[in-house]
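Residue numbers (the UniProt record's numbering): 1 to 204.
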């Protein structure tokens with residue numbers, strides 16, 4: 001069963017909305033569109049979305065958007081000149097990823113693939129939490145090497161867990177890893193460089 005069922009695309013530019021909306025529908029995701037932050041907040045008040053694509057300006061003006069549905073995965077769409085602001089949102093943990101306009105339908109597909117992976121991982125974590133007994137009565141489930149066994153729904157932690165799992169599955173091959181994760185080798189190397197700062201994680 002597909003973990004991702006609903007998505008929302010918010011942008012004043014109908015062409016950008018169309019690129020994302022069409023690809024989401026082709027990927028079998030029920031998706032609707034909006035053109036303003038006001039519409040975004042109104043729709044969030046009445047419906048839960050697994051994934052939200054929204055223009056950077058809309059994220060900045062829609063006050064409280066990130067507090068409405070903490071489980072929603074957000075992707076910011078931005079122009080090249082505002083990439084730094086998009087990166088700041090990603091670094092803060094509020095946004096999962098970003099797309100630079102004009103983007104291609106294929107780039108949207110990469111985001112969809114990675115989102116589905118995160119949602120599958122969330123479901124696995126929730127299942128483990130339901131099965132887990134109190135820590136003083138039953139040992140905690142074993143985690144993959146280099147990955148903390150503590151359950152968390154934080155997107156940054158989920159991404160790290162996913163990358164570390166694929167790292168060990170592929171025995172450290174960066175090229176194969178990037179292909180499986182749907183990201184560029186450069187992006188993967190940047191993320192692994194960040195992880196090396198954590199002394200508890202040993203990278204092959």
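A virtual CB, placed ideally from N, CA and C, is assigned to each residue, including glycine.
Query raised in the report: So which of 6, 33 and 52 has the shortest CA-CA distance to residue 12?
Result: The residue labelled residue 12 in the question sits at position 12 within the chain shown. Proximity to residue 12 across 6, 33 and 52 peaks at 33, based on C-alpha coordinates.
Query raised in the report: Considering only the beta carbon of each residue, do residue 188 and residue 165 sit closer than 8 Å?
Result: Stepping through the chain shown from its first residue, residue 188 is reached at position 188. Stepping through the chain shown from its first residue, residue 165 is reached at position 165. Cβ distance not < 8 Å, so residue 188 and residue 165 don't count as in contact.
Query raised in the report: When the cut-off is 8 Å and only beta carbons count, does residue 56 lie next to chain B?
Result: The structure shown contains no chain B, having only a single protein chain.
**Report entry** Distance between beta carbons of residue 24 and residue 31, contact taken as under 8 Å
**Finding:** Position 31 of the chain shown holds residue 31. Position 24 of the chain shown holds residue 24. Contact check for residue 31 and residue 24: beta-carbon distance about 4 Å, within the 8 Å limit, so the pair qualifies.
Query raised in the report: In the DSSP assignment, what are the bridge partners of residue 77?
Result: Position 77 of the chain shown, counting from 1, holds the residue named residue 77. Bridge partners of residue 77: 55 and 99.
**Report entry** Test item: CB-CB of residue 16 and residue 101 under 8 Å
**Finding:** Numbered from 1 along the chain shown, position 16 holds the residue referred to as residue 16. Numbered from 1 along the chain shown, position 101 holds the residue referred to as residue 101. At the C-beta level, residue 16 and residue 101 come within 8 Å of one another.
Query raised in the report: For residue 191, which residues from the same chain have a beta carbon less than 7 Å from its beta carbon, with the 5 sequence-adjacent residues on both sides left out?
Result: Counting from 1 along the chain shown, the entry for residue 191 is found at position 191. Same-chain partners within the cutoff: 163.
Query raised in the report: Based on the DSSP output, what are the partners of residue 32 in its beta bridges?
Result: One-based indexing of the chain shown puts residue 32 at position 32. Per DSSP, the beta-bridge partners of residue 32 are 8.
**Report entry** Where the alpha helix (DSSP H) through residue 39 begins and ends
**Finding:** For the purposes of this step, residue 39 is identified with residue 39 of the chain shown, where counting begins at 1. If you look at residue 39, you'll find it in the alpha helix (DSSP H) that goes 37-46.
Query raised in the report: Going by beta carbon distance, what residues of the same chain come within less than 8 Å of residue 87, once the five residues before and after it are set aside?
Result: Taking the first residue of the chain shown as 1, we reach residue 87 at position 87. If the five residues before and after residue 87 are omitted, its C-beta is found closer than 8 Å to the C-beta atoms of 98, all from its own chain and listed in chain order.
Query raised in the report: Quick one: is residue 78 buried, meaning 16 or more other Cβ sit within 10 Å of its Cβ, or exposed?
Result: On the chain shown, residue 78 is found 78 positions in, with the first residue counted as 1. So residue 78 ends up on the buried side.
Query raised in the report: Secondary structure at residue 92, three-state DSSP: helix, strand or coil?
Result: Residue mapping note: residue 92 aligns to position 92 of the chain shown, counting from 1. In this structure, residue 92 counts as helix in the three-state DSSP scheme.
Requested in this report: Under 8 Å by Cβ, that's how I've got residue 56 and residue 75 pegged, so tell me the actual separation to the nearest angstrom.
Outcome: Residue mapping note: residue 56 aligns to position 56 of the chain shown, counting from 1. Residue mapping note: residue 75 aligns to position 75 of the chain shown, counting from 1. In fact, because the Cβ distance is near 11 Å, the residues do not count as touching under 8 Å.
Requested in this report: Would you kindly check if the distance between the Cβ of residue 73 and the Cβ of residue 10 is under 8 Å?
Outcome: Residue mapping note: residue 10 aligns to position 10 of the chain shown, counting from 1. Residue mapping note: residue 73 aligns to position 73 of the chain shown, counting from 1. Against a cut-off of 8 Å, the Cβ pair of residue 73 and residue 10 comes out as no contact.
Requested in this report: Find the nearest neighbour of residue 91 within the set 159, 6 and 110, judged by alpha-carbon distance.
Outcome: Position 91 of the chain shown, counted from the start, is the residue given in the question as residue 91. By alpha-carbon distance to residue 91, the top candidate from 159, 6 and 110 is 159.
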